[in-house]
Amino acid sequence: MAPGTEEPARVVADDPVTAAASAAATAPRPPDGGEPGALRAALTADDVPPAAQDPVDPPIAAAAATAVRVLGGGLRGSLEPPRETRLLAVANQKGGVGKTTTVVNIAAALALHGLHVLVLDVDPQGNASTALSIDHHADVPSVYDVLIEGRPLAEVVQPVEGIPGLLCAPATIDLAGAEIELVSVVARESRLQRAVAAYAKERAARGEPRLDFVLIDCPPSLGLLTVNALVAAHEVLVPIQCEYYALEGLGQLWRNIDLIKQHLNPELHVSTMLLTMYDGRTRLAAQVADEVREHFPTLVLKTAVPRSVRVSEAPSYGQTVMTYDPASSGALSYLEVARELAGRPASR
Numbered sequence: 001m002a003p004g005t006e007e008p009a010r011v012v013a014d015d016p017v018t019a020a021a022s023a024a025a026t027a028p029r030p031p032d033g034g035e036p037g038a039l040r041a042a043l044t045a046d047d048v049p050p051a052a053q054d055p056v057d058p059p060i061a062a063a064a065a066t067a068v069r070v071l072g073g074g075l076r077g078s079l080e081p082p083r084e085t086r087l088l089a090v091a092n093q094k095g096g097v098g099k100t101t102t103v104v105n106i107a108a109a110l111a112l113h114g115l116h117v118l119v120l121d122v123d124p125q126g127n128a129s130t131a132l133s134i135d136h137h138a139d140v141p142s143v144y145d146v147l148i149e150g151r152p153l154a155e156v157v158q159p160v161e162g163i164p165g166l167l168c169a170p171a172t173i174d175l176a177g178a179e180i181e182l183v184s185v186v187a188r189e190s191r192l193q194r195a196v197a198a199y200a201k202e203r204a205a206r207g208e209p210r211l212d213f214v215l216i217d218c219p220p221s222l223g224l225l226t227v228n229a230l231v232a233a234h235e236v237l238v239p240i241q242c243e244y245y246a247l248e249g250l251g252q253l254w255r256n257i258d259l260i261k262q263h264l265n266p267e268l269h270v271s272t273m274l275l276t277m278y279d280g281r282t283r284l285a286a287q288v289a290d291e292v293r294e295h296f297p298t299l300v301l302k303t304a305v306p307r308s309v310r311v312s313e314a315p316s317y318g319q320t321v322m323t324y325d326p327a328s329s330g331a332l333s334y335l336e337v338a339r340e341l342a343g344r345p346a347s348r
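Take 1 as the starting number for the sequence shown in full-length UniProt numbering and just add one per residue.
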């Protein structure tokens, strides 16, 4: 690569299993209408689709091997834990850019690598709780109780089934009114920060492993809930949808982050930006990606997350894509994102 040239985004290709299935479905049938085994004999080598010529397609084999490692715990221990807990708020005031999807899938990917991860669902919609199959009906202890009633976080967090090392503090519908209730609370901006610090001390006192990552799912607004998340965090991860107006609203987010850094949390900084919903078939996606990289060359991760049906389907089954379809393009992308995030320093 020539000096000074920008390294292109790494995008995991469309699901190879789906591609192979499509090739097989469109392959011509043998003239005698016989079994699939007769198909190869009835065609010349030039007629046989590439996926059919090779009994083990390398992309399929690689995806299958990754899926086996994910489901079998083979990734555990392959990532170096950070020297201290990394607290990331995933924020963007624009809705529909993949904040919740990014939180739950990065959290799952990190935990599947053997790290200890906590998800704080601060969005009243509770979509992160749903995606992790965490009970969050109205009577369940939640982040609302932590913020309004001062309940210890230890009484709120729940383990995520099927992913050892992953915990979640759920959001309930009560959180929708929390911003109004917080107005009259003393030190309202730092309620979550104090709760997280107390929880870390309590884990240490009980001899439990230190948390490696805390990921906070912020609502798509810049109210008191998001302020609490930004005061509690050290880093901000900003997902950017690869579509028109991708950078719209980022200026206001940056100004709010600067204000919080000046007055409430001097450690806060934007450490990471992630390109989401990347569609390699469109010129627009490439143009948006280039524009974002031009504006923020040191912040944008090399891996971009493609549009994926599997990623969209997974929450309806109460799962992340990491366990729903670990061989899919979305799962493979988030594995790369997690590795890249863990491998880069939390520098300011």
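The C-beta atom is built at its ideal place from N, Cα and C for all residues, glycine as well.
Backbone CA spacing between residue i and residue j [nearest angstrom]
i: Pro36; j: Arg283; result: Reliability fails at Pro36, whose pLDDT of 38 lies under 50, so the model's placement of it is uncertain and the value that follows must be treated cautiously. One C-alpha to the other measures close to 39 angstroms.
i: Ser133; j: Leu301; result: 28 angstroms
i: Thr85; j: Lys99; result: 21 angstroms
i: Val119; j: Met277; result: 22 angstroms
i: Val321; j: Ser328; result: 8 angstroms
i: Val309; j: Gln93; result: 24 angstroms
i: Val140; j: Thr130; result: 13 angstroms
i: Asp110; j: Asp212; result: One point to set straight first is that residue 110 is Leu, not Asp, in the sequence displayed. If you take the alpha carbons of Leu110 and Asp212, they lie about 9 angstroms apart.
i: Arg83; j: Glu235; result: 15 angstroms
i: Val214; j: Tyr199; result: 12 angstroms
i: Ala107; j: His269; result: 20 angstroms
i: Asn105; j: Asp290; result: 25 angstroms
Residue i: first and last residue of the uninterrupted beta strand (DSSP E) it sits in
i: Thr276; result: 269–276
i: Glu181; result: Run containing Glu181: none in the beta strand (DSSP E); it sits in the alpha helix (DSSP H), 178–182.
Extent of the continuous alpha helix (DSSP H) to which residue i belongs
i: Ile106; result: 99–112
i: Gln252; result: 250–263
i: Val227; result: 224–232
i: Val337; result: 329–343
i: Ile148; result: Unbroken run through Ile148: none, as it is neither H nor E.
i: Gln193; result: 191–205
i: residue 349; result: Because the chain spans 1 through 348 in this model, residue 349 falls outside it and cannot be assessed.
i: Val321; result: 321–324
i: Val309; result: 309–313
Under 8 angstroms between C-beta atoms of residue i and residue j
i: Ile240; j: Ala246; result: yes
i: Glu340; j: Thr298; result: no
i: His113; j: Ala338; result: yes
Residue closest to residue i, alpha-carbon to alpha-carbon, out of the options
i: Val238; options: Pro315, Val185, Val214, Leu275; result: Leu275
i: Ser333; options: Glu291, Ala128, Val311, Val97; result: Val311
i: His137; options: Val156, Ile148, Pro152, Gly150; result: Val156
i: Gln262; options: Leu230, Glu243, Gly343, Tyr244; result: Leu230
i: Leu88; options: Val196, Val186, Asn127; result: Val196
i: Leu222; options: Ser78, Arg76, Asp123; result: Asp123
i: Tyr244; options: Glu267, Val288, Gly280; result: Val288
Cβ contact check for the stretch 139–150 and the stretch 160–177: 3 or more pairs under 8 angstroms: Verdict: yes, contact present.
Any 3 or more C-beta pairs closer than 8 angstroms across the stretch 157–170 and the stretch 244–258: Segments in contact, no.
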